[in-house]
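Here the structure comes first, spelled out in structure tokens, and everything after it is commentary.
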Amino acid sequence: MSKKPEAKISGNLVINAQYIKDLSFENPKAPYSFMYEEKPEIDVSIDIGARNIQDDTYEVVLGVQVRSEIQGEIQFLIDLKYAGVVSLEPEQEDRDKVIFVECPNIIFPYVRRIISDVTRDGGYLPLYISPIDFYGLYVDNKNKAEC
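Every position in the sequence shown, counted from 1, becomes a number in this note's numbering once 73 is added.
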């Protein structure tokens, strides 16, 4: 059996695997939710988690929750956890920055596509999440932790 190819990024990061860890789509008011003519209010929240699974190998999980409402009625809810297993060099500088900025930047396009496909398959227009400034989130969270 041949070894699965690895994607090496910038000499210090190897993507070993990517996968959907958890996915939930709820469409509680269908088919009535399709009868509204106004635009929904969409709330998107992001969460990044990481855990060491072996030596210099980590599971990085990008969590996205989407809530769509019209007139206080829920149209749809999405809860997605998308993960990547990454290996870093043993003496990796800025390890946290690589894990919480570079890794989410790599897996975000897959998350964005899954969200758009799920909303389209759920009967709605595809939802395209805007690009996310993971470095800004990292700095904000670091500053909050220091306070």
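Virtual Cβ for every residue (Gly too), placed ideally from N, Cα, C.
Problem set entry | Minimum C-alpha distance to Lys102 - residue among Ile188, Ser160, Glu146, Pro163 | Checked all of Ile188, Ser160, Glu146, Pro163; the closest Cα to Lys102 is Glu146.
Exercise. CB Asn100 to CB Glu162, shorter than 8 Å?
Worked result: Their beta carbons are not under 8 Å apart, which means Asn100 does not touch Glu162 by this criterion.
For this session: Could you have a look at Ala218 and say whether DSSP puts it in helix, strand or coil?
Result: Looking at Ala218 - three-state DSSP - the assignment turns out to be helix.
Exercise. Curious, which full-length alpha helix (DSSP H) runs of at least 4 residues does the region 79-120 contain?
Worked result: Entirely contained in the region 79-120, not one alpha helix (DSSP H) run reaches 4 residues.
For this session: Express the C-alpha separation of Pro113 and Tyr131 in angstroms, rounding to a whole number.
Result: Looking at the two C-alpha atoms, the distance is approximately 37 Å.
Problem set entry | Cα-Cα separation, Gly209 to Phe173 | Roughly 11 Å separates the two Cα atoms.
Problem set entry | Gly209 in three-state terms, based on DSSP | In the structure shown, the three-state DSSP call for Gly209 is helix.
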